[in-house]
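J.: Residue numbers 54 to 370, in the numbering used here, belong to the letters of the sequence shown in order.
For each residue, glycine too, the CB sits at the ideal point set by N, CA and C.
All values reported here derive from a predicted model rather than from experimental measurement.
Following this message is one structure expressed as structure tokens.
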Amino acid sequence: MAIRKKEKQKHLGRGLESLLGPITSVRQVYSNRKTPDEATDANIPPDKELRESLKEISIDSISPNPYQARTVWDQQELEELAESIKANGVIQPIIVRAAAGGYELIAGERRFRASKLASLKTIPALVRQATDQQLLELALIENIHRTDLNPIERAKCYQSYLTTFSLTQADAAQRLGEDRSVIANYMRLLDLPSEIKQMLAKRQITMGHARAIIALPTDEIRRKLANRAMAGRLSVREVERLVRKYITGTAEPRKTEIPKPAHITDLEGKLCTQLGTKVTIETRKNGNRGKIIIEFHSLDEFDRIAEKIGLETVEKV
């Protein structure tokens, strides 16, 4: 009997479609035609609102999404996409909302930037209604799982989401379909020194390295290990091992040596002088019990000490 494999649940509980309505069908429409005028009733969904929201709008009338999480854009990748757009057009429409004097971008800034590089005058777009909170959520959802969104950008995006809308980490996790621990781990990265955050942004170290390093007690030690990890190309496991070694080494309580009473120290000195070797007196807490340790370094020295204290010498074989 064949066993059906349980389908893995999507990581994000909410997406563009759940917040703004059906989008997949519109992508299909644009993949089958070159301009909006060529669309027919046969390939446009029977959703009047959706059909009316599909427009060609002036690129100059669009302003970027103010909540865009990405701050670093690969210029070479944008130029490659621009060349593709010149040859094939914009296959997938961007999503915008009406704003004062034009439109504001909701999703698709990479396509928007590449279209400007390609010198397009207009771009296919879905005009949708969206609140400021939806605008931020959609910018986060669009970018959160992109491989080119670095950990610091993602952490700042979470922080912006929480502070802008006064949400707890648990609230944000529920709205975004994330585990709360994921959000907490990313936001902890913002407590790192600026030098380490820059390493993360440039992908010189990974989030795994950073999560291990943040357990160290001071920024100075964190910087030293981060630089060592970057220069030596240390693996995450190696960094974790070094962090554990440091923490366990410093966490062990150091035995404080209790100074000996003056009369014990004086007696040790007298015995050392008399016997010609090191003598140590150790006493218990009550001072009534203890032991005297007399050191020797050869049998001849032992014989000499034994003679001094009136013992018979050891017969040599």
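So, helix, strand or coil for S111, using DSSP?
T.: S111 falls in the strand class under three-state DSSP.
J.: Can you list, in chain order, the residues of its chain with a C-beta nearer than 8 angstroms to that of V296? Leave out the 5 residues immediately preceding and following it.
T.: These residues qualify, in order along the chain: A265, I266, A268, L269, L278.
J.: Between the Cα of A47 and those of I258, S114, L107, spot the shortest distance and give me the residue it belongs to.
T.: In the structure as shown, the chain starts at 54 and stops at 370, and residue 47 therefore has no counterpart that could be examined.
J.: Under the three-state reduction of DSSP, which class applies to K344: helix, strand or coil?
T.: Strand.
J.: Starting from V235, follow its DSSP beta bridges and name the residues at the other end.
T.: DSSP, once it has assigned bridges, lists no residue as partnering V235.
J.: Roughly how many angstroms separate the alpha carbons of V143 and Q128, rounded to a whole number?
T.: Each residue's Cα considered, the two are about 18 angstroms apart.
J.: The alpha helix (DSSP H) spanning A208 covers which residue range?
T.: A208 -> alpha helix (DSSP H) spans 204-217.
J.: Would you mind reading off the limits of the beta strand (DSSP E) that contains R150?
T.: Where R150 is concerned, the enclosing beta strand (DSSP E) stretches over 147-152.
J.: Relative to the C-alpha of P138, which residue among R164, E293, Y156 is closest?
T.: It is worth fixing the name first, because residue 138 is Ile in this sequence and not Pro. I138 has its Cα closest to that of R164, out of R164, E293, Y156.
J.: Do you know how far the Cα of E136 is from the Cα of E190?
T.: So the two alpha carbons sit approximately 30 angstroms from each other.
J.: Buried or exposed for E231, please, with buried defined as at least 16 other CB atoms from any protein chain shown within 10 angstroms of its CB.
T.: The residue is buried, with at least 16 neighbouring Cβ atoms inside 10 Å.
J.: Locate the alpha helix (DSSP H) running through L352, then write down its first and last residues.
T.: First-last of the alpha helix (DSSP H) with L352: 352-361.
J.: Pick from P146, A359, I258, A254: whose alpha carbon is nearest that of A167?
T.: Nearest of P146, A359, I258, A254 to A167, Cα basis: P146.
J.: Could you tell me whether the Cβ atoms of H262 and V292 are closer together than 8 angstroms?
T.: Yes, the pair counts as a contact, with Cβ atoms nearer than the cut-off.
J.: By Cβ distance, which residues of its chain are closer than 6 angstroms to K344, with the 5 residues on each side in sequence left out?
T.: Hits under 6 angstroms: E335.
J.: In the structure shown, what three-state DSSP assignment does V180 receive?
T.: If DSSP states are grouped into helix, strand and coil, V180 belongs with the strands.
J.: Three-state secondary structure (DSSP) at A279?
T.: A279: helix per DSSP, three-state reduction.
J.: Identify which residue in R337, I311, L107, I347 has its Cα closest to the Cα of K323.
T.: Of the listed residues, the one whose Cα sits closest to K323 is I347.
J.: When the Cβ atoms of the stretch 250-262 are set against those of the stretch 211-218, are three or more pairs found closer than 8 angstroms?
T.: No, because fewer than three Cβ pairs between the stretch 250-262 and the stretch 211-218 fall closer than 8 angstroms, the two stretches do not touch.
J.: Does the beta carbon of Q121 come closer than 8 angstroms to any beta carbon on chain B?
T.: Although the question refers to chain B, the structure presented lacks it and comprises just one protein chain.
J.: Please report how far the alpha carbon of I311 lies from the alpha carbon of C325, in whole angstroms.
T.: Cα-Cα distance, rounded: 21 angstroms.
J.: Nearest to I205 by alpha carbon, out of L242, A192, S219?
T.: Out of L242, A192, S219, L242 has the C-alpha closest to the C-alpha of I205.
J.: Just tell me which of L131, I194, R286, R228 has its CA closest to the CA of R256.
T.: Nearest option by C-alpha distance: R286.
J.: With a 10 Å radius around its C-beta and 16 neighbouring C-beta atoms as the bar for buried, classify A225 as buried or exposed.
T.: Looking at its Cβ environment, which holds 16 or more other Cβ atoms inside 10 Å, A225 is buried.
J.: In terms of residues, what are the limits of the beta strand (DSSP E) holding T326?
T.: No beta strand (DSSP E) contains T326, which is instead part of the alpha helix (DSSP H) from 315-328.
J.: Can you say whether E273 is buried or exposed, counting buried as having 16 or more other CB atoms within 10 angstroms of its CB?
T.: Looking at its Cβ environment, which holds fewer than 16 other Cβ atoms inside 10 Å, E273 is exposed.
J.: Taking K284 as the reference, give the member of N141, L107, I258, I159 with the closest Cα.
T.: For clarity, residue 284 is Ala in the given sequence; the question names Lys instead. The option with the nearest alpha carbon to A284 is I258.
J.: Using three-state DSSP, classify T301 as helix, strand or coil.
T.: Helix, per DSSP.
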